[in-house]
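Q: Mapped onto UniProt numbering, the consecutive letters of the sequence shown carry residue numbers 1 to 211. Even glycine gets a Cβ: it sits at the ideal position worked out from N, Cα and C.
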Amino acid sequence: MELTVRQEQIIDIVKSNGPITGEQIAERLNLTRATLRPDLAILTMAGFLDARPRVGYFYTGKTGSQLLTEKVKKITVQQYQSIPVVVNESSSVYDAIVTMFLEDVGTLFVVDQNSSLMGVLSRKDLLRASIGSQKIETMPVNIIMTRMPNITMCQKDDLIIDVANKLIDKQIDALPVVREFDKGSGLEVIGRLTKTNITKVLVDLANDDLI
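#1: From Thr4 to Arg52, what distance separates their C-alpha atoms?
#2: Around the C-beta of Met45, are 16 or more other C-beta atoms found within 10 angstroms, so that it is buried, or is it exposed?
#3: Looking at Glu103 and Pro140, is the spacing between their C-beta atoms short of 8 Å?
#4: Give the straight-line distance between the Cα atoms of Tyr59 and Leu202, rounded to the nearest whole angstrom.
#5: What would DSSP say about Arg123, mapped onto helix, strand or coil?
#6: Whole angstroms is fine: what's the gap from Leu36's alpha carbon to Gly22's?
#7: Where does Glu188 fall in DSSP's three states?
#8: Can you tell me whether Ala174 is buried or exposed, with buried defined as 16 or more other CB within 10 angstroms of its CB?
#9: Within its chain, find whatever has a CB closer than 6 Å to the CB of Ala94; leave out the 5 residues flanking it on each side and keep chain order.
#10: When the Cα atoms are used, what is the spatial distance from Lys71 to Ser92?
#11: Who are the near neighbours of Pro84 in its chain, counting only those whose CB is closer than 8 Å to its CB and skipping five residues on each side?
#12: Answer with buried or exposed for Gly132, where buried requires no fewer than 16 other C-beta atoms within 10 angstroms of its C-beta.
#13: Can you list, in chain order, the residues of its chain with a C-beta nearer than 6 Å to that of Arg123? Leave out the 5 residues immediately preceding and following it.
#14: May I ask you to report which of helix, strand or coil DSSP gives Asn88?
#15: Looking at the structure shown, is Val201 part of a helix, part of a strand, or coil, going by DSSP?
#16: From Leu167 to Ile161, what distance separates their C-alpha atoms?
#17: So the alpha helix (DSSP H) Tyr94 belongs to, where does it begin and stop?
#18: Classify Val178 as helix, strand or coil using the three-state DSSP reduction.
#19: For residue 212, is the classification buried or exposed, using 16 other Cβ atoms within 10 angstroms of its Cβ as the cut-off for buried?
#20: Quick one, are the C-beta atoms of Asp125 and Met145 less than 8 Å apart?
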C-alpha cells in the first residue's frame, strides 16, 4: 500500500520512540488524537504497527513486501470462488458445448443424479470430440470427461496461493470447489476457482481492497 506523508511520519516516530501512546504521537505532530485515529487504524490493520493496551504502539519491523506476502497467505478460496456450471453425466457433448457457450466458461463440472462430482470437461475435451467422426448429439459427456480420481479440486477453506500453484502445476484453467456430503461418500460442487478469480485477487491487492 502507498502511505501518506503523515503515515510515514507516524511510522518514523513509533520506530524511534516506541512503545508510544496515540496521545504522544499526536502531540509530536501537533494534531488531535481524533485526527490521528484513522491513520493509526490503517497502519495497525496493514501490519506496520502493533498496539498493546495501556502500553501503546510499536513498530513491527515488517516491510511492505513482507506484509503483502502475509496478506496473500491469508486469502481463502471462499472469498473469491465463483458459481459453478455443471452438466449431468448423461448430457450429450452437443448440449455441453451449448452450455459452455451460453455460460461463457472454459470448464464444466459433470455430476450424477445425486449431484455428486463425477468428472470435468474442458474446452479441449469438447473440441476434440466435435472434430471427430462421432455424433456429438448422442454422445454422452461421460465418455470424454476427465474422471475421478484424476480431478484436481479444492475446498472453500484452502488458501488461494495453494490453489494458484495447482492451476500452474496442472496447467488447467479452473478447479471445482467441493465439500463432502452423504456421510463422505460423495463430493458436491459448491463453486469454482479460475485464473480469472486469481487475477481479481491481484487487482484487489493493487487497489488495497484487502486491507
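A: So, to answer that:
#1: Your numbering for residue 4 matches position 4 in the sequence shown. Your numbering for residue 52 matches position 52 in the sequence shown. Distance between Thr4 and Arg52, taken at the CA atoms: about 24 Å.
#2: As a first step, residue 45 is located in the sequence shown; it is residue number 45 there, counting from the start. Met45 is exposed by the Cβ-count criterion.
#3: Here residue 140 refers to the residue found at position 140 of the sequence shown. Here residue 103 refers to the residue found at position 103 of the sequence shown. Going by C-beta atoms, Pro140 is not nearer than 8 Å to Glu103.
#4: Looking up residue 59 in the sequence shown gives position 59. Looking up residue 202 in the sequence shown gives position 202. Computed Cα separation, rounded: 27 Å.
#5: As a working note, residue 123 is residue 123 in the sequence shown. Here Arg123 sits in helix by DSSP.
#6: For the purposes of this step, residue 36 is identified with residue 36 of the sequence shown, where counting begins at 1. For the purposes of this step, residue 22 is identified with residue 22 of the sequence shown, where counting begins at 1. Using only the alpha carbons, I get a separation of about 8 Å.
#7: Walking along the sequence shown from the start, residue 188 turns up at place 188. In this structure, Glu188 counts as strand in the three-state DSSP scheme.
#8: Taking the sequence shown and counting its residues from 1, the one referred to as residue 174 is at position 174. Burial call: buried.
#9: Your numbering for residue 94 matches position 94 in the sequence shown. Checking the displayed sequence, the identity of residue 94 turns out to be Tyr instead of Ala. The beta carbon of Tyr94 lies closer than 6 Å to those of Ile136, Glu137 in the same chain, with the five residues before and after it left out.
#10: Reading the sequence shown from its first residue, position 71 is the one you call residue 71. Reading the sequence shown from its first residue, position 92 is the one you call residue 92. Spanning the two alpha carbons is a distance of roughly 44 Å.
#11: The sequence position of residue 84 within the sequence shown is 84, counting from 1. Taken in chain order, the residues that qualify are Phe109, Pro176, Val177, Val189, Ile190, Gly191, Arg192.
#12: Taking the sequence shown and counting its residues from 1, the one referred to as residue 132 is at position 132. Flag for Gly132 reads exposed.
#13: Within the sequence shown, residue 123 is the residue found at index 123, counting from 1. Gly106.
#14: Along the sequence shown, one-based indexing puts residue 88 at 88. Note: Asn88 maps to strand in three-state DSSP.
#15: By one-based count along the sequence shown, residue 201 stands at place 201. Correct three-state label for Val201: helix.
#16: The residue labelled residue 167 in the question sits at position 167 within the sequence shown. The residue labelled residue 161 in the question sits at position 161 within the sequence shown. Rounded to whole angstroms, Leu167 to Ile161 spans 10 Å at the Cα level.
#17: Locating residue 94 in the sequence shown gives position 94, where the first residue counts as 1. Looking at the DSSP string, the run of the alpha helix (DSSP H) that includes Tyr94 is 93 to 103.
#18: Locating residue 178 in the sequence shown gives position 178, where the first residue counts as 1. Residue state, collapsed to three classes: strand.
#19: There is simply no residue 212 to check, as the chain begins at 1 and stops at 211 in what is shown.
#20: Working through the sequence shown from its first residue, we reach residue 125 at position 125. Working through the sequence shown from its first residue, we reach residue 145 at position 145. Yes, the pair counts as a contact, with Cβ atoms nearer than the cut-off.
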